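End of the sequence shown = 172 in my numbering, gap-free, step of one.
A virtual CB, placed ideally from N, CA and C, is assigned to each residue, including glycine.
No experiment lies behind these values; they were computed from the predicted model shown.
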Amino acid sequence: MDLLYTLIIGAVSGWLAGVLFKGYGFGLIGNIIIGIVGSFIGFWLFGKLGISLGTGVLSTILTSAAGAIVLLFVAGLFSRK
C-alpha cells in the first residue's frame with residue numbers, strides 16, 4: 092500500500108511541478124513519471140538534509156514536488172539544445 096501511495100503522490104507532485112516549473116516540462120505523462128522518480132529523490136534529499144515539512148498529505152506532496160522540481164531542472168539542463 093505504501094508503494095501505491097507513493098506512486099499516486101508522485102504523480103500529483105509531477106503534475107504540480109510541471110505547472111510550477113513551466114518551460115522544463117515533458118508533457119503530462121513525462122511530468123508524472125518525473126514526479127514519481129522525484130518523489131523518491133525528494134524524500135531522500137530532505138532526509139539527508141534533515142528537513143521536515145511536517146506530517147500529512149500536504150507535506151508529502153510538497154516534499155515530492157520539491158524533488159520533482161529538482162529532477163525537472165536537472166533533466167531540463169540535459170534536454171536543452
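Reference residue i; option with closest CA among the options
i: leucine 94; options: Ile160, Phe131 and Leu149; result: Phe131
i: alanine 108; options: Gly145, Gly167, Ala157 and Leu168; result: Ala157
i: threonine 151; options: Gly138, Leu163 and Leu168; result: Gly138
i: tryptophan 106; options: Leu168, Leu162, Ser170 and Phe169; result: Leu162
Simplified DSSP state of residue i, which is helix, strand or coil
i: leucine 98; result: helix
i: serine 143; result: coil
i: phenylalanine 164; result: helix
i: phenylalanine 169; result: helix
i: phenylalanine 131; result: helix
Cβ-based neighbour list, residue i, same chain, cut-off 6 angstroms, excluding 5 preceding and 5 following
i: valine 165; result: none
i: isoleucine 160; result: Ala108 and Phe112
Contacting residues, own chain, Cβ-Cβ under 8 angstroms from residue i (five flanking each side not counted)
i: phenylalanine 134; result: Thr154, Ser155 and Gly158
i: tyrosine 96; result: none
Between the segment 119 to 130 and the segment 98 to 108, do three or more beta carbon pairs fall short of 8 angstroms?
yes
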